[in-house]
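Presented below is the structure to which this report refers.
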Amino acid sequence: MAQALTQQERGVLSLSQALALAEQRSEALRAQDAATKAAQSQAIAAGELPDPMLNLEVINIPANGPDQFSLAADFMTMRGVGVSQTFTRKDKRNAQANVFNKSAEFAQAGKFQALSKLRTATAQAYLDRVYLQEMLLLLQSQRNELALQIEAADAQYRSGKTAQTDVFAARTELGLMDLKIQDTQTLLDNAQAELQRWVGEQADATLAGPVDLTQSRLQASDLFEKLHRHPEVLALEKVEATALAEVQVKQQEKSADWTLSVMYAGRGPAFSEMLSFGASRPLFVDQDNRQNQALVSANAMAAKAKAERIELHRELLVQTQRWQQTWKSNLKRISDFDRSLIPLTQQRTQAALAAYQGATGTLAEVLAARRMEIDMRMEKLRIQMDTAQLWAQLEYLIPVEVQQ
Numbered sequence: 008m009a010q011a012l013t014q015q016e017r018g019v020l021s022l023s024q025a026l027a028l029a030e031q032r033s034e035a036l037r038a039q040d041a042a043t044k045a046a047q048s049q050a051i052a053a054g055e056l057p058d059p060m061l062n063l064e065v066i067n068i069p070a071n072g073p074d075q076f077s078l079a080a081d082f083m084t085m086r087g088v089g090v091s092q093t094f095t096r097k098d099k100r101n102a103q104a105n106v107f108n109k110s111a112e113f114a115q116a117g118k119f120q121a122l123s124k125l126r127t128a129t130a131q132a133y134l135d136r137v138y139l140q141e142m143l144l145l146l147q148s149q150r151n152e153l154a155l156q157i158e159a160a161d162a163q164y165r166s167g168k169t170a171q172t173d174v175f176a177a178r179t180e181l182g183l184m185d186l187k188i189q190d191t192q193t194l195l196d197n198a199q200a201e202l203q204r205w206v207g208e209q210a211d212a213t214l215a216g217p218v219d220l221t222q223s224r225l226q227a228s229d230l231f232e233k234l235h236r237h238p239e240v241l242a243l244e245k246v247e248a249t250a251l252a253e254v255q256v257k258q259q260e261k262s263a264d265w266t267l268s269v270m271y272a273g274r275g276p277a278f279s280e281m282l283s284f285g286a287s288r289p290l291f292v293d294q295d296n297r298q299n300q301a302l303v304s305a306n307a308m309a310a311k312a313k314a315e316r317i318e319l320h321r322e323l324l325v326q327t328q329r330w331q332q333t334w335k336s337n338l339k340r341i342s343d344f345d346r347s348l349i350p351l352t353q354q355r356t357q358a359a360l361a362a363y364q365g366a367t368g369t370l371a372e373v374l375a376a377r378r379m380e381i382d383m384r385m386e387k388l389r390i391q392m393d394t395a396q397l398w399a400q401l402e403y404l405i406p407v408e409v410q411q
């Protein structure tokens, strides 16, 4: 924490700070929190008895004759007020509440999905900018050296020590270098815009630098088991759990609920008042084509969710194994660049320059050697940038919150 504060005071943005800023700014995470809260509130409501019904009625009003429309003359006319209550069984209410509880868990899995996407995209944008800045610095440094080379070639041409074609070749190399710088600057601007999308104005800060790409929390040894906690797999697991909860609801709905009612009715002043009690319940006259079919449908939806979850796990397993294999291969390639390829191109450049200065070589050979060295360094940075993209995919594929 102290190191992070020190970096912030210096205006340096670390990857961990960028991730924290992205989470603070994310509306997607807040949306999933709201969805979770909504489902939890619905679960509480579903666990309660339905509200009682207030019944108001006037019955048996005379429609004709001398007492037409009178509310007190006829002994059969009654003005009633009553209440009725449906008594949903506790098991059924618990089953209905469980559906919403599972929906809340699905919303939480959605938050994990958003968190994984957010962290991966933020890290990729951050590391893209890191390596593109290194590319730009390399190209600008080589451009400065090339500009000095052109000045030297001009001087030698004026003194008759080199051909004019060497001067033209050097200037052509400078023009090509400027094009590479422009292309790299465009890519850097795009990476900067992507990083700003996630962290806001802090994207303009100096970046702390690259991370250790050789280490990843996701190991091949326990990949199969860990992918069961992948946010997308987890989401389908919650879909399956919700469908199974719906099965329990449909099973409970095969038993009808009773509704009890009581009514107090008043008649004219010459007649006694009346008290009524009642009970009602649905009659399931065609369970095979109604309640049973609803149960079959719910079971089918649960089976569908399970099959999709298993298929997704297989797909993610193969995809992640490919990422890991490519990541490891790229690390080896980077090591090869450092161990042999770049040193060899450096030696070639030095040899060509020494030969040119000793009047035994040409400027074209120097330019070709330097171009190869630059290309080799740029290729290494491109591979590092690709590896960083894979590293971010693997590192943030499963949020640590899910693994706990």
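In my numbering, each number is its position in the sequence shown, counted from 1, plus 7. Beta carbons are placed, not taken as given, at the ideal position from N, Cα and C, and that holds for glycine.
Quick test of your reading: Asp81 and Pro73, contact by CB under 8 angstroms. State the CB separation rounded to the nearest angstrom. Taking the Cβ atoms as the reference, Asp81 lies roughly 10 angstroms from Pro73, outside the contact range of under 8 angstroms.
On a Cα-Cα basis, can you pick out the residue from Asn71, Glu201 and Arg150 that is closest to Ala177? Taking the Cα of Ala177 as reference, the smallest distance to any Cα among Asn71, Glu201 and Arg150 is reached at Arg150.
CB Gln259 to CB Ala102, shorter than 8 angstroms? Yes, they are a contact pair.
Residue ranges of each alpha helix (DSSP H) run of no fewer than 4 residues wholly in the segment 336 to 394, ordered along the chain? Taking 4 residues as the minimum length, the alpha helix (DSSP H) runs contained wholly in the segment 336 to 394 are 349 to 364, in order along the chain.
Check the C-beta distance from Gln49 over to Phe94 and give it rounded, since I have them as a contact under 8 angstroms. Rounded to the nearest angstrom, the Cβ distance from Gln49 to Phe94 is 21 angstroms, too far for a contact under 8 angstroms.
My output table needs one value for Ser21: the three-state DSSP class, helix, strand or coil. Judged by DSSP in its simplified three-state form, Ser21 adopts coil rather than helix or strand.
Helix, strand or coil: which one does DSSP assign to Ile405? It is coil, neither helix nor strand.
Who are the near neighbours of Gln10 in its chain, counting only those whose CB is closer than 6 angstroms to its CB and skipping five residues on each side? For Gln10, the pLDDT reaches just 48, beneath the cut-off of 50, and the residue's location in the model is therefore unreliable, although a value from the coordinates is still provided. Excluding residues within five positions, none has a Cβ falling inside 6 angstroms.
Along the beta strand (DSSP E) that carries Asn197, what are the first and last residues, could you check? Taken as a continuous stretch (DSSP letters only), Asn197 belongs to no beta strand (DSSP E), being part of the alpha helix (DSSP H) at Gln171 to Val206.
Do you know offhand how far Gln400's Cα is from Asn105's? So the alpha carbons of these two residues sit roughly 34 angstroms apart.
If you draw a straight line from the alpha carbon of Met281 to that of Met85, how long is it in whole angstroms? Answer to the nearest angstrom: the Cα atoms are 8 angstroms apart.
For Tyr271, write down the residues that DSSP places opposite it in a beta bridge. Tyr271 has Val88 and Leu282 as its beta-bridge partners, per DSSP.
Of the residues Asp343, Trp205 and Trp334, which one's Cα is nearest the Cα of Glu402? Taking only the C-alpha atoms, the option nearest Glu402 is Trp334.
Using 10 angstroms around the beta-carbon of Ile317, count the other beta-carbons present and answer buried if the total reaches 16, otherwise exposed. Exposed, since its Cβ has fewer than 16 Cβ neighbours within 10 Å.
For Thr193, count neighbouring C-beta atoms within 10 Å of its own C-beta (all shown protein chains included) and say buried if the count is 16 or more, exposed if not. By the neighbour-count definition (other C-beta atoms within 10 Å, threshold 16), Thr193 is an exposed residue.
Am I right that Val174 and Asp161 are in contact with their C-beta atoms under 8 angstroms? What's the rounded C-beta distance? Approximately 6 angstroms separates the beta-carbon atoms of Val174 and Asp161; this is inside 8 angstroms, confirming the contact.
Spatial neighbours of Gly18 in its chain, beta-carbon cut-off 8 angstroms, leaving aside the 5 residues before and after: The answer, listed in chain order, is Ala212 and Thr213.
Short check: CB of Leu36 to CB of Ala121, under 8 angstroms? In this structure, Leu36 places its C-beta atom within 8 angstroms of the C-beta atom of Ala121.
Going by beta carbon distance, what residues of the same chain come within less than 7 angstroms of Glu244, once the five residues before and after it are set aside? Contacts found: Arg316.
Kindly indicate the opening and closing residues of the alpha helix (DSSP H) around Glu34. Looking at the DSSP string, the run of the alpha helix (DSSP H) that includes Glu34 is Glu34 to Ala53.
Given this structure, state the Cα-to-Cα distance separating Phe344 from Val254, to the nearest angstrom. Approximately 59 angstroms, taken between the alpha carbons.
Cβ neighbours of Gly368 in the same chain (closer than 7 angstroms, five flanking residues each side left out): Only residues of its own chain outside the window of five on either side were considered, and among them Ala359 and Ala362 have a CB closer than 7 angstroms to the CB of Gly368, listed in chain order.
Across which residues does DSSP place Ile317 in a beta bridge pair? DSSP, once it has assigned bridges, lists no residue as partnering Ile317.
Glu30 - DSSP class collapsed to helix/strand/coil: Helix, per DSSP.
By Cβ distance, which residues of its chain are closer than 7 angstroms to Leu12, with the 5 residues on each side in sequence left out? Legend: pLDDT at Leu12 = 44, less than 50; position of this residue unreliable, no value from coordinates given.
Does at least one heavy atom of the ligand ATP sit under 7 angstroms from the Cβ of Glu318? Summarising the ligand content, the structure contains no ligands, and the ligand ATP is consequently not present.
Is it true that the CB of Ala215 sits closer than 8 angstroms to the CB of Ser21? Result yes, Cβ atoms of Ser21 and Ala215 sit closer than 8 angstroms.
Separation of Asp135 from Pro217, as counted between CA atoms: Spanning the two alpha carbons is a distance of roughly 10 angstroms.
How many Å lie between Met379 and Ser33 at the Cα? In this structure, the CA atom of Met379 is about 44 angstroms from the CA atom of Ser33.
By the 10 Å Cβ neighbour count, where 16 or more other Cβ atoms means buried, how is Thr221 classified, buried or exposed? So Thr221 counts as exposed.
What is the C-beta distance between Ile188 and Leu146, in whole angstroms, given that I count them as a contact (C-beta under 8 angstroms)? Indeed, because the Cβ distance is near 5 angstroms, the residues count as touching under 8 angstroms.
Taking a contact to mean a Cβ-Cβ separation below 8 angstroms, would you say Ile157 touches Leu125 in this structure? No, these two residues do not count as a Cβ contact at 8 angstroms.
Which two residues bound the contiguous alpha helix (DSSP H) that contains Glu260? Per DSSP, Glu260 belongs to no alpha helix (DSSP H) and is neither H nor E.
Contact check, Lys257 vs Ala301, beta carbons under 8 angstroms: Going by C-beta atoms, Lys257 is nearer than 8 angstroms to Ala301.
Taking all protein chains shown into account, decide if Ser223 is buried (16 or more other Cβ within 10 angstroms of its Cβ) or exposed. It counts as buried.
Evaluate Lys339 with the Cβ neighbour count: other Cβ atoms within 10 Å of its Cβ, from every protein chain shown; 16 or more gives buried, anything less gives exposed. Answer is exposed; the Cβ neighbour count stays below 16.
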